[in-house]
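Here is the structure we will look at.
Structural data, given as structure tokens:
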């Protein structure tokens, strides 16, 4: 029977190379080390902080990190509590170390625990709000929140963001999560809101320096400064007491000085119902539409007429509300010429993405109109699907251009 014994001098003892005993992390600058740590899940970041005094310092001073519950086992309330307590300790022990970028993602529906239902325990909403408050205390500059996949009986309550340091803010929320959202910040430049709640109509933004705004869902209360770029994508509304068309007009009236504007299918139709505010500062316009139906075109033309200084036009393809062939045909070049679009003489760059579910001839006639009547056109990019008939391509190629524009055809992959 063998027993453990000390090695004799004649025995060869394997030696560990010095190369593997060097603490390479200590030789890195804080900036490089923090960049590496920002890639770690929160659990790994916490374990790293327990390795040494130097690791603890780096761990607590990490300026960018993400609290992603889709990567954490919270299948029981005990497991949830352990995770939440670890986050609380981490934020408390940070002291005054600034936070550059914080991402918070609650996603219980993506957990895979067999047939076990993830546990959503009491106090989740309070913990979530406290994490945001701690981030604000640490003067966070970029805050990304995704609570679109969590369902709490009472939601998370009110979210009030008031910060003198915040520069970028984004939130994605479902119908049941937030009662009221209020954002106040004099340095905020970028805001992205995916707001799908039909039961909460109070989203207030008080930020005079916002330059870029992306609003997807339902528009509500806001006070903004002079925007450079805005994207408004209204969702379909079920509740009758919410009026998406009025909200869209109010929204565009308050941001009428925007220079770069994107509207979706629903927004275009909503604006047509209530009237279009002047959009004389818009020089770059994008529309995300599913088809070129007669109904949509009749709503679109008054919006285009409100943009006399437009020079860049981008027609993006989106999931279509499909239309019958006769609904997407019939508007010829003569119709477009009679529309008297005021920007036509200075239009320079156009991109048209023909939907993969291409129907009718309206969009082809619109492209021909631009090619033959936009005298300052420099470039047009036409992205077309495989199913586009050769006859349509031939018609486009035979268009008699009034300009020397470079026309690029790209087949949709």
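Residue numbers (this note's numbering): 278 to 690. Glycine included, every Cβ here is placed at the ideal spot set by N, Cα and C.
8 Å contact criterion, which residue i and residue j should meet: CB distance rounded
| i | j | result |
| --- | --- | --- |
| residue 425 | residue 451 | 5 Å |
| residue 469 | residue 447 | 4 Å |
| residue 471 | residue 449 | 4 Å |
| residue 506 | residue 537 | 4 Å |
| residue 616 | residue 578 | 5 Å |
| residue 408 | residue 335 | About 21 Å separates the two Cβ atoms, so there is no contact after all. |
| residue 371 | residue 415 | 6 Å |
| residue 662 | residue 689 | 5 Å |
| residue 433 | residue 465 | Contact doesn't hold; Cβ gap of about 21 Å is too wide. |
| residue 672 | residue 641 | 6 Å |
| residue 310 | residue 322 | About 12 Å separates the two Cβ atoms, so there is no contact after all. |
| residue 608 | residue 639 | 5 Å |
| residue 571 | residue 604 | 6 Å |
| residue 328 | residue 383 | Contact flag wrong, Cβ pair sits at about 29 Å. |
| residue 637 | residue 569 | 7 Å |
Proximal residues to residue i (C-beta, below 6 Å), its chain only, five neighbours per side dropped
| i | result |
| --- | --- |
| residue 361 | 404 |
| residue 318 | 348 |
| residue 589 | 561, 626 |
| residue 461 | 439, 483 |
| residue 645 | 610, 676 |
| residue 281 | No answer about residue 281 holds up, because its pLDDT of 40 lies below 50 and its placement is not dependable. |
| residue 508 | 491, 539 |
| residue 467 | 445, 489 |
| residue 422 | 381, 448 |
| residue 628 | 591, 658 |
| residue 565 | 541, 593, 595 |
| residue 393 | Its pLDDT being 45, under 50, residue 393 is placed unreliably in this model, and the value from its coordinates should be taken loosely. So the qualifying residues of the chain are 352. |
| residue 458 | 436, 480 |
| residue 685 | 658 |
| residue 546 | 576 |
| residue 441 | none |
| residue 493 | 471, 510 |
Counterpart residues of residue i in DSSP-defined beta bridges
| i | result |
| --- | --- |
| residue 617 | Looking at the DSSP assignment, residue 617 forms no beta bridge with any residue, so it has no partner. |
| residue 423 | 382, 449 |
| residue 687 | 660 |
| residue 480 | 458 |
| residue 468 | 446, 490 |
| residue 592 | 564, 629 |
| residue 435 | 457 |
| residue 508 | 491, 539 |
Cut-off 8 Å between Cβ atoms - residues of its own chain near residue i, not counting five sequence neighbours on either side
| i | result |
| --- | --- |
| residue 575 | 549 |
| residue 683 | 655, 656, 657 |
| residue 620 | 581, 584, 585, 586, 587, 588 |
| residue 649 | 610, 676, 677, 678, 679 |
| residue 337 | 326, 367, 370, 371, 372, 374 |
| residue 517 | The pLDDT assigned to residue 517 is 41, lower than 50, so where the model puts this residue is not dependable, and the model offers no usable value. |
| residue 687 | 658, 659, 660, 661 |
| residue 389 | Residue confidence for residue 389 is low, a pLDDT of 40 falling below 50, so the modelled location carries little weight and cannot support an answer. |
| residue 307 | 335, 338 |
| residue 364 | 319, 344, 404, 408 |
| residue 614 | 646, 650 |
| residue 295 | Residue confidence is low: residue 295 scores 48 on pLDDT, short of 50, so the model does not pin down where it sits. No coordinate-derived value is stated. |
Close Cβ partners of residue i (< 7 Å) along its chain, the five nearest in sequence each way excluded
| i | result |
| --- | --- |
| residue 218 | Nothing can be reported for residue 218, as the shown portion of the chain is limited to 278 through 690. |
| residue 412 | 376, 379, 420 |
| residue 652 | 622, 679, 680 |
| residue 630 | 592, 593, 594, 660 |
| residue 443 | 417, 418, 420, 462, 464, 465 |
| residue 304 | none |
| residue 313 | none |
| residue 563 | 539, 591, 593 |
Residue i CB to nearest heavy atom of the ligand SAH below 8 Å
| i | result |
| --- | --- |
| residue 467 | In the structure shown, the ligand SAH is absent, as is every other ligand, since no ligand is present at all. |
Counting only runs of 4+ residues fully inside the segment 526–590, write out the alpha helix (DSSP H) ranges in chain order.
-> 542–551, 571–582
Please specify which runs of the alpha helix (DSSP H), each continuous and at least 4 residues long, are wholly inside the segment 311–365, giving them in chain order.
-> 319–326, 330–338
Is the segment 350–357 in contact with the segment 314–328, if contact means three or more CB pairs nearer than 8 Å?
-> no
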